[in-house]
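According to mature numbering (1 follows the signal peptide of the UniProt record, and there is no 0), the stretch in the sequence shown is residues -18 to -1, 1 to 93, in order. The beta-carbon is built from N, C-alpha and C at its ideal position, and this holds for glycine as well. The block underneath contains the structure these notes are about, expressed in structure tokens.
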Amino acid sequence: AILSAVLSVLFPTGSSVAQKVTQPQQEMSVQEKETATLACTYDTSESNYYLFWYKQPPSGEMIFIIRQEAFKQQNATDHRFSVNFQKATKNFSLRISDCQLEDAAVYFCAL
């Protein structure tokens, strides 16, 4: 299965606060049953925020995967999906364990 990550996405949220999300990996290939980790870094001047991962399969719909609250220390986990949230370094990676063919998609990190 091939998992793809979008290179860069910018999310402005108002006139005075700019929030930036960057995904350095353009594409990733993994075998079924393997684990994939998709990197995401972000920048925000907000102190209380949420981070999200979405996927867009070839069919085109946007599917919510997981969310992390900035004020929670524990990393979010949902079945085969988990995040590694590092608030101090502003890293928010997605880990997909036991990759399946249906995981092939474009993945979006959002703030």
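#1: Alpha carbon to alpha carbon, how far is Gln5 from Lys15?
#2: Span of the beta strand (DSSP E) holding Asn30?
#3: Could you tell me if Ile78 is buried or exposed, where buried requires 16 or more neighbouring beta carbons within 10 angstroms of its beta carbon?
#4: Counting C-beta neighbours from all protein chains within 10 Å, is the total for Leu83 16 or more, i.e. buried, or is it exposed?
#5: How is the beta strand (DSSP E) around Lys15 delimited, first residue to last?
The short version:
#1: Here residue 5 refers to the residue found at position 23 of the sequence shown. Here residue 15 refers to the residue found at position 33 of the sequence shown. The alpha-carbon atoms of Gln5 and Lys15 are separated by roughly 23 Å.
#2: Residue numbering aside, residue 30 sits at position 48 when the sequence shown is read from its first letter. Careful: Asn30 lies outside any beta strand (DSSP E) and carries neither H nor E.
#3: The residue you call residue 78 lines up with position 96 of the sequence shown. It is buried - the Cβ of Ile78 has at least 16 other Cβ atoms within 10 Å.
#4: Translated into the one-based positions of the sequence shown, residue 83 becomes position 101. Exposed, because fewer than 16 other Cβ atoms sit within 10 Å of the Cβ of Leu83.
#5: As a working mapping, residue 15 is identified with position 33 in the sequence shown. Unbroken run through Lys15: none, as it is neither H nor E.
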